[in-house]
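Protein sequences appear in the order of chains Y and L. With the first sequence counted from 1, adding 27 to any position gets you the numbering used here. For the second sequence, counting from 1, position 13 maps to -1 in the numbering used here; every step adds exactly one. Backbone N, C-alpha and C fix where the C-beta goes; we use that ideal spot for every residue, glycine too. Below: the structure, in structure tokens.
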Amino acid sequence: MNPSSKDIAEIMEVSTLALTPGTDLFRFRMPPTPQDCVVVLDISGNEPMVQLSKDRSDYYYSAVSIQVRNIDYLTGYGIALDIFQFLHGTAHIIINDTYYSLIKAMADPQLLHYDGNDRAVFVINFEVQRRTNL
Amino acid sequence: MSTLAKVGFGAVLNRWNDNSSPGGYDEILEVTSISWEGATRGSVEVYVLNASDDYVNKLQGVLNAGSVTATVLFTKNGFATLKTDLETRGDRDYQIVLPDGEGLEWSGFISELPLDITSDDVMQGDVVFQINGKADFLSAATS
């Protein structure tokens, strides 16, 4: 099973979001360049399901944070809103042998901060329910 | 002296399968919790007129083994089996096997088979097993 960030980024790659891996879509960490980009990060989710048996306790409530950096506030917000609207409510997807039963936004896009170079950084956090696809 | 407390993780809910020969218990899968409400004894209040202390006396009533409720995640096959039990007249044997092999066994029937479907969590239902007669704790559950 991959980190959720890797699979979610791959779901975004093949979407209509017009994001290109390595160009303006990144995983794991925010790169120093380009100025305008999107990054998918793994963050703390909720506790996984515990059934009475161990071998069936592999249903996870993972979480990812998607951050959008842009030199223009409104452009950055627009990209974040597009990502939010695409991912929120996406369900029943199988990717890399993992079944993503539901991707649910924890809130709509918010300004995280202006970084050291005065670029707006927006954040959207998603709960990601998933298990191994059988 | 140390505590003998145990956690419920590893407990199993079994259903007697008489389609095999010889019959045996099959595990009911995808169970997240099991709750036995416990046995109760009714009481009958009696009062002697002009009792000097004004207290009510009580007589022991009959025993009721109650019911067992299990939270079961939905799978079509799992719920279809339980639905068959619900629709069948007559008792069936069920058992809870605790993590250390001890158990609780009873005969009874399913009285409720609900299914909760929500937008943001797994589908599940709290299945209710009515105990007919008494339930017995066993030092080692039979398989």
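Option in the options with minimal Cα separation from residue i
i, options, result
"Arg83 (chain Y)", "L:Ile117, L:Ile82 and L:Val58", "L:Val58"
"Gly103 (chain Y)", "Y:Gln137, Y:Val77, Y:Ile70 and Y:Ala132", "Y:Gln137"
"Ala107 (chain Y)", "Y:Ala147, Y:Ile70, Y:Pro30 and Y:Val41", "Y:Ala147"
"Val83 (chain L)", "L:Ala126, L:Gln46 and L:Ala66", "L:Ala126"
"Leu80 (chain Y)", "L:Gly24, L:Lys69, L:Ala(-3) and L:Ala51", "According to the sequence displayed, residue 80 (chain Y) carries Ser and not Leu. Nearest of L:Gly24, L:Lys69, L:Ala(-3) and L:Ala51 to Ser80 (chain Y), Cα basis: L:Ala(-3)."
"Leu49 (chain L)", "L:Val34, L:Ala37, L:Val30 and L:Leu35", "L:Val30"
"Arg78 (chain L)", "L:Glu88, L:Ala51, L:Asp107 and L:Asn118", "L:Asn118"
"Val41 (chain Y)", "Y:Ile110, Y:Met76, Y:Ser71 and Y:Thr60", "Y:Ile110"
"Ser128 (chain Y)", "Y:Asp145, Y:Tyr88, Y:Asp142 and Y:Gly105", "Y:Tyr88"
"Met76 (chain Y)", "L:Phe(-5), L:Gln81 and L:Glu91", "L:Phe(-5)"
"Leu124 (chain L)", "L:Glu91, L:Asp112, L:Asn63 and L:Ser105", "L:Glu91"
"Thr61 (chain L)", "L:Met(-13), L:Val108, L:Gly10 and L:Gly28", "L:Val108"
"Asp135 (chain Y)", "Y:Lys33, Y:Gly105 and Y:Gln156", "Y:Gly105"
"Asp12 (chain L)", "L:Leu(-10), L:Val113, L:Asp112 and L:Tyr80", "L:Tyr80"
"Gly52 (chain L)", "L:Thr74, L:Thr18, L:Gly28 and L:Lys(-8)", "L:Gly28"
"Ala56 (chain L)", "L:Ala121, L:Thr74, L:Thr(-11) and L:Asp112", "L:Asp112"
"His140 (chain Y)", "Y:Arg158, Y:Tyr100 and Y:Asp85", "Y:Tyr100"
"Phe55 (chain Y)", "Y:Ile35, Y:Ala45, Y:Gly72 and Y:Asn73", "Y:Ile35"
"Ser71 (chain Y)", "Y:Leu161, Y:Asn160 and Y:Gln156", "Y:Gln156"
"Asp162 (chain Y)", "Y:Lys33, Y:Pro58 and Y:Asn160", "What is shown of chain Y runs 28 to 161, which leaves residue 162 (chain Y) out entirely."
"Ile9 (chain Y)", "Y:Asp145, Y:Leu161 and Y:Thr60", "The structure shown does not extend to residue 9 (chain Y), since chain Y spans only 28 to 161, so no value can be given for it."
"Asp71 (chain L)", "L:Ser93, L:Glu23 and L:Leu45", "L:Ser93"
"Ser67 (chain L)", "L:Pro85, L:Phe95, L:Thr104 and L:Ile20", "The question names Ser, but residue 67 (chain L) in the sequence shown is Thr. Comparing Cα positions, the closest option is L:Phe95."
"Met133 (chain Y)", "L:Asp106, L:Thr(-11), L:Pro8 and L:Asp86", "L:Asp106"
"Met57 (chain Y)", "Y:Asn97, Y:Lys131, Y:Glu74 and Y:Asp124", "Y:Asn97"
"Asp159 (chain L)", "L:Ala(-9), L:Ala25 and L:Thr(-11)", "With chain L covering -13 to 129 only, the question about residue 159 (chain L) has no answer from this structure."
"Val114 (chain L)", "L:Ser19, L:Asp86, L:Ala(-9) and L:Pro8", "L:Ser19"
Partners in chain L for residue i, counting only beta-carbon separations shorter than 8 Å
i, result
"Leu161 (chain Y)", "Those within 8 Å of Leu161 (chain Y) in chain L number zero; the least Cβ separation is about 11 Å."
Within chain L, the residues that residue i reaches when beta carbons sit closer than 7 Å
i, result
"Leu188 (chain Y)", "With chain Y covering only 28 through 161, there is no way to say anything about residue 188 (chain Y)."
Contacts of residue i in chain Y (Cβ-Cβ under 7 Å)
i, result
"Ala(-3) (chain L)", "Leu79"
Interface residues of chain Y facing residue i [CB-CB closer than 8 Å]
i, result
"Thr18 (chain L)", "Met76, Val77, Gln78 and Leu79"
"Leu101 (chain L)", "Those do not exist, as Leu101 (chain L) stays about 17 Å from chain Y at its closest Cβ, beyond 8 Å."
"Gly119 (chain L)", "Per Cβ cutoff of 8 Å: no residues; Gly119 (chain L) is ~25 Å from chain Y at best."
"Leu90 (chain L)", "Ordered by position in chain Y, no residue passes the 8 Å Cβ test against Leu90 (chain L), which lies about 14 Å from the chain."
Under 9 Å by beta carbon: chain Y residues contacting residue i
i, result
"Leu124 (chain L)", "Near Leu124 (chain L) there are no residues of chain Y at all, since even the closest Cβ is about 18 Å away, more than 9 Å."
"Gly87 (chain L)", "By Cβ distance, chain Y contributes nothing, its closest Cβ being about 15 Å from Gly87 (chain L), past 9 Å."
"Leu35 (chain L)", "Simply none; closest approach about 54 Å."
"Gly(-6) (chain L)", "Leu79"
Inset, instruction - Say whether the segment 89 to 97 of chain Y touches the segment 150 to 158 of chain Y, bearing in mind that this needs 3 or more beta-carbon pairs closer than 8 Å, one atom from each stretch. - result: yes
Inset, instruction - Identify each residue in the segment 66 to 87 of chain Y for which the Cβ-Cβ distance to at least one residue of chain L is less than 9 Å, and report them in chain order. - result: Met76, Val77, Gln78, Leu79, Ser80, Lys81, Arg83, Ser84 and Tyr86
Legend entry - Those runs of the beta strand (DSSP E) which lie wholly inside the segment 69 to 137 of chain Y and span at least 3 residues: 86 to 97, 118 to 122 and 125 to 132
Legend entry - Segment contact flag, the segment 63 to 81 of chain Y with the segment 45 to 54 of chain Y, C-beta cutoff 8 Å, min 3 pairs: yes
Inset, instruction - Specify whether the segment 107 to 116 of chain Y and the segment 0 to 8 of chain L touch according to this definition: at least 3 beta carbon pairs, one from each stretch, less than 8 Å apart. - result: no
Inset, instruction - Mind listing, in chain order, the continuous beta strand (DSSP E) runs of no fewer than 3 residues lying wholly within the segment 29 to 59 of chain L? - result: 43 to 50 and 53 to 59
Legend entry - Sequence ranges, beta strand (DSSP E) only - wholly within the segment 54 to 99 of chain L, length at least 3: 78 to 83 and 89 to 98
Inset, instruction - Decide yes or no for the touch test of the segment 28 to 48 of chain L against the segment 93 to 100 of chain L: beta carbon pairs closer than 8 Å, at least 3 of them. - result: The segment 28 to 48 of chain L, when compared against the segment 93 to 100 of chain L, does not touch it at the 8 Å Cβ threshold.
Legend entry - Members of the segment 61 to 83 of chain L that neighbour chain Y once the beta carbon cut-off is set at 8 Å: So nothing in the stretch comes that close.
Legend entry - Positions along the segment 1 to 33 of chain L whose CB lies within less than 9 Å of some CB in chain Y: Glu13, Leu15, Glu16, Val17, Thr18, Ser19 and Ile20
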